Amino acid sequence: MIRLARDRRAEAIHRDFRGDEPLNRLLTLLGEVREQVAAGDPVKPKIPSKWKDSKDQLLRESQGKCAYCETQVTTTYYGDVEHYRPKKVYWWLAYVYDNYLASCAICNQRYKGADFAISGPQMPGPVLTGAETPDDLAALARRFAPDPLDPLAVSAFEAAHRAEAPQIPNPYIDDPEQVFAWEVFEGIEEVLLIPRPGVPGAADIVAASERIFGLNRPDLKRQRYNQWENYRLAVSVVEDAGASAAVRALGQELIDSLVTSDSVYAGMVRYFEAQRAIS
2 MIRLARDRRA
12 EAIHRDFRGD
22 EPLNRLLTLL
32 GEVREQVAAG
42 DPVKPKIPSK
52 WKDSKDQLLR
62 ESQGKCAYCE
72 TQVTTTYYGD
82 VEHYRPKKVY
92 WWLAYVYDNY
102 LASCAICNQR
112 YKGADFAISG
122 PQMPGPVLTG
132 AETPDDLAAL
142 ARRFAPDPLD
152 PLAVSAFEAA
162 HRAEAPQIPN
172 PYIDDPEQVF
182 AWEVFEGIEE
192 VLLIPRPGVP
202 GAADIVAASE
212 RIFGLNRPDL
222 KRQRYNQWEN
232 YRLAVSVVED
242 AGASAAVRAL
252 GQELIDSLVT
262 SDSVYAGMVR
272 YFEAQRAIS
């Protein structure tokens with residue numbers, strides 16, 4: 002997992018996720034919840050799937066990789082629009098663009114589902130009594146549907162995220178590379194995600210990421226090992242005093258390509274390259 006950046010230009014964000022459209026969708030959900038509360042029923046709004054038009058941009062921002070496990074998804078499967086905070090719990094965020102990222106189906110469906118883990122108080126949502134007027138609902142919609150083009154609204158949303166203190170990183174807000182480290186097991190040909198030594202809370206974050214996303218699932222550990230072998234080969238070439246300058250330059254080019262954001266498991270390779278630099 003590596004840090005991601007949202008493209009907040011109007012032309013990069015589909016019209017369905019900025020301006021009035023997400024407000025209107027939330028307003029519909031609020032009206033449904035108001036009726037459920039008034040009737041004394043459990044709060045379970047129906048949430049139609051309306052987020053597929055965000056997928057192309059989200060995949061561009063994650064370089065075609067799963068934002069969680071960094072496996073390439075576009076070459077074999079188109080991937081999912083993942084609700085970072087699950088919509089079954091945080092129903093009012095179902096159409097909030099800043100709650101979306103691109104994920105592989107394994108991380109999102111086989112593992113995460115509606116699971117989430119926090120160490121702070123849960124992010125507050127709309128509180129309804131069942132007696133709200135249309136104007137009341139409209140005010141709530143404006144409050145709980147931050148426009149991705151509004152810097153103040155985005156800043157408030159990110160502050161609420163940090164106050165909740167999730168135990169799984171949101172790569173658009175948090176920097177996973179400050180928390181994650183990696184350990185190579187050559188005998189079984191696996192690379193394991195581990196907490197970065199000396200970082201407070203890293204062990205809890207890695208444990209939650211492993212449980213919720215499956216970031217140490219066997220096939221993923223083996224795929225990371227394959228990429229680590231590419232990195233190890235490149236390092237051996239660069240550090241071979243007997244190799245020609247041209248050959249060593251090719252080895253360095255390979256290392257440079259492996260740490261770029263569009264390379265699979267770039268966060269892992271960056272960690273090992275940083276360790277090599279200080280050794």
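Be aware that the sequence shown starts at 2, since it is given in this note's numbering, and climbs by one per residue.
Yeah, the Cβ is synthetic: ideal placement off N, Cα and C, and Gly gets one too.
Everything numeric in this text was worked out from a predicted model, so none of it was measured.
- Across the structure, residue 52 and residue 269 are spaced so that their CA atoms are roughly 30 Å apart.
- Taking 8 Å as the upper bound for CB-CB distance, residue 58 and residue 17 are not in contact here, some 11 Å apart.
- The C-beta of residue 123 has fewer than 16 other C-beta atoms within 10 Å across all chains shown, which makes the residue exposed.
- Residue 208 sits away from residue 195, with the two beta carbons spaced by 8 Å or more.
- Linking residue 56 to residue 229 through their CA atoms gives a straight-line distance of about 29 Å.
- For residue 86, the closest of 136, 163, 26 by C-alpha to C-alpha distance is 163.
- Boundaries of the beta strand (DSSP E) around residue 191: 191 to 196.
- Fully enclosed alpha helix (DSSP H) runs of no fewer than 4 residues occupy 135 to 145, 152 to 165 of the segment 134 to 192, in order along the chain.
- Around the CB of residue 214, 16 or more other CB atoms lie within 10 Å, so the residue is classed as buried.
- Annotation: the continuous beta strand (DSSP E) that includes residue 103 extends over 101 to 104.
- Remark: C-beta atoms of residue 88 and residue 119 do not approach each other more closely than 8 Å.
- Under the three-state reduction of DSSP output, residue 64 falls in the coil class, being neither helix nor strand.
- Cβ neighbours of residue 168 within its own chain (closer than 7 Å, five residues either side excluded): 118, 119, 120, 205, 206, 209.
- Below 8 Å, enough C-beta pairs join the segment 67 to 75 and the segment 91 to 110 to call them touching: three or more.
- For residue 26, the closest of 95, 255, 272, 251 by C-alpha to C-alpha distance is 95.
- Listed in chain order, the non-local C-beta contacts of residue 111 below 8 Å within the same chain comprise 215, local neighbours out to five positions each way being set aside.
- If you compare the alpha carbons of 29, 31, 116, 4 with that of residue 62, the shortest gap goes to 4.
- Contact between residue 221 and residue 235 does not hold, since the beta-carbon distance rounds to 22 Å and is not under 8 Å.
- Per DSSP, reduced to three states, the secondary structure at residue 21 is helical.
- A contact between stretches requires three or more CB pairs, one per stretch, nearer than 8 Å, and the segment 31 to 45 meets this requirement with the segment 123 to 132.
- Excluding five sequence positions before and after residue 149, the CB atoms of its chain that fall closer than 8 Å to its own CB belong to 7, 9, 14, 18, 19, 98, 99, 155, given in chain order.
- With a cutoff of 8 Å on beta-carbon distance, residue 115 and residue 82 are scored as not near each other.
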